[in-house]
Amino acid sequence: MHRSSSPARLRVINEMPRRSGARYILYWMTAFRRLSWNPALDRAIECARSSRLPLVIFEPLRLDYPQASLRHHAFAIDGMREHREALDASPVGYLPWVEPRPGAGKGLLAHLARDAAVVVTDDAPWFFFPRMLEAAGRTLDCRLEAIDGNGIYPVHHANRTFTTAASFRRHLQAVLPGILGESPDPLPDFASLVPFEGFSEPPRGEWAPADALLDADRAGLSRLDLDPEVPALRFSGGTAAARRRLDRFLSARLPRYHEGRNDPDEESGSRLSPYLHWGHISSWEILHRVTEADGWRPTRLGNRPTGRREGWWGLSPGAEAFLDQLITWRELGFNYAAREGDPGRWESLPDWARTTLMEHEADPRPHRYTLAEFEAAATHDELWNAAQRELRTEGTIHTYLRMLWGKKILEWSDTPREALEIMIQLNNRWAIDGRDPNSYSGIMWVFGRYDRGWPERPIFGKVRSMTSASTRRKVRVAVKSGTVLDE
């Protein structure tokens, strides 16, 4: 089965025509690293089929991105290894490439595009992707199309930046009925494509495929110039691993998600955020699995947009609560990134939040810590230290503890601006889902974005505060190891 990509998700980046006499269609896979439920891949297949040309998938991994580490590289390469295996017997050409040194990839995309009728790529409005896309549009001498596969709602569809979850939820409830029928292809038909016979000038030297790295275990990454202090995680990346985690969530955790997601002891979360961030699984696939398990039909949707969190989908309470996180809260951050750019700027916070925090900037702090002390989990508060150790070892923090983690950095830093810088640095270096728009939403919520004013307090002003004492009543801590119990 093949589905045409939605026009709302397509952007033409340059005004170049399709190249005549081309050898293939090139899909430049950068953000949506998966072979199913992928609108960009659907578009590339559509172009290949209509032009009767082979399809080549080029999946690069840069070395010089901020906070590049063994952790991030290993997770991405797990997915690349899976793609090579899946495409090995298909007619699709696949070029997995890992940059061996900073700058080695300069000119590689243009080299591959010389024989392409059109280059199709991912339209991700965050991290270095927008700048990279603009640069490619200026450089390539063939048509460049970018396809939005970030989530359910097209990121460029909205004509405003939403400042609250309630307003965005109300908007989604009004427009989603017309969008839910536009899901990407769950099982792309590669077999019907023209077989790829090889490159006219195969990439060699530093441009050669990363087969050796994909064949080796994670220790093979040690020769790359990566942050060695941030080790690979104990769990794997890739779509297969994401689906196993989704299976466990649906069978054991979803029914109680609405009651237990904020209870670290219950462990009701999906833990799918790393796979969504790296594009190894799609929100569309997750939505399909959740609604399929409930026997859902579109006729259950609410008749009018109320903005309420419960009841609109016509699903069980756990499923309703989970979809609100997956679609409303996650895609709220993508709405901001697509329309406003860098979501981590101090100046991007609401005026009221910046004003009240600055008015209390000189308030005495009960404790003050440096970036190094925060990073080493060397504070006086064992609960906070446990959350930081979880971030360092597991690459994530439980949702509720992540809120406390951020609020305490704000309370224990010299200034709010410094607290923001520290939080971004810790999150982007250690979190496997760091740098994501959704991750920034959580960070900026600490400082008042997507929230309202609260009764004024020292240090926080009218920004919501949290205490370790109240959180400790909701969570147990393993005293010896200093880590949150995950049972």
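Per our numbering: the sequence shown = residues 75 to 561.
In this text, a Cβ means the ideal position worked out from N, Cα and C, and glycines have one as well.
Just so we're clear, the structure is a prediction, and the values are computed from it rather than from any experiment.
Query raised in the report: Which residue comes first and which comes last in the beta strand (DSSP E) that contains A191?
Result: A190 to D196
Query raised in the report: What do you reckon, are the CB atoms on P204 and V229 nearer than 8 Å?
Result: no
Query raised in the report: Around the C-beta of T541, are 16 or more other C-beta atoms found within 10 angstroms, so that it is buried, or is it exposed?
Result: exposed
**Report entry** Assigned secondary structure, V558 (DSSP; H/G/I helix, E/B strand, else coil)
**Finding:** Any reading at V558 must be qualified, since the residue scores a pLDDT of 40, below 50, and its modelled position is unreliable; the value itself is stated next. Reduced to three states, the DSSP call for V558 is strand.
Query raised in the report: Taking the continuous beta strand (DSSP E) assigned at D132, which residues delimit it?
Result: Residue identity differs from the one stated: residue 132 is Phe in this sequence, not Asp. L129 to L135 is the extent of the beta strand (DSSP E) around F132.
**Report entry** Range covered by the beta strand (DSSP E) that runs through L218
**Finding:** R217 to I221
Query - Closest by C-alpha distance to W426, when choosing among F408, I360, G527 and Q399 - result: G527
Query - Between the CA atoms of L100 and G157 - distance to the nearest angstrom - result: Before going further, note that residue 157 is His rather than Gly in the sequence given. Taking the straight line from one Cα to the other gives about 16 Å.
Query raised in the report: What is the DSSP secondary structure of I517, counted as helix, strand or coil?
Result: helix
Requested in this report: Could you say which of R383, L346, T473 and W504 lies nearest to W519 if we only look at CA atoms?
Outcome: T473
Query raised in the report: Looking only at its own chain, which residues have a Cβ that is under 7 Å from the Cβ of P305, when we skip the five neighbours before and after it?
Result: L144 and R145
Query raised in the report: Around the C-beta of M432, are 16 or more other C-beta atoms found within 10 angstroms, so that it is buried, or is it exposed?
Result: exposed
Query raised in the report: Between the C-alpha atoms of V194 and L261, what's the straight-line distance to the nearest angstrom?
Result: 19 Å
**Report entry** Residue from P283, E280, W281 and F309 whose Cα sits closest to the Cα of R292
**Finding:** F309
Query raised in the report: Among the residues of its own chain, which have a CB less than 6 Å from the CB of G211, if the five just before and after it don't count?
Result: I87, N88 and L218
Query raised in the report: For R85, which three-state DSSP category applies?
Result: strand
Query - Pick from S357, P176 and A150 that is closest to L137, judged by C-alpha positions - result: P176
Query raised in the report: Excluding the five sequence neighbours on either side, which residues of its own chain have a C-beta within less than 6 Å of the C-beta of R428, listed in chain order?
Result: none
Requested in this report: For R531, name the three-state secondary structure that DSSP assigns.
Outcome: strand
Report task. Return yes when the Cβ of P372 is within less than 8 Å of the Cβ of L254, no when it is not. Result -> yes
Query raised in the report: CB-CB under 7 Å to N224, same chain, minus the five flanking residues each way: which ones, in chain order?
Result: A198 and F408
**Report entry** Check whether P490 and F521 have beta carbons under 8 Å apart
**Finding:** yes
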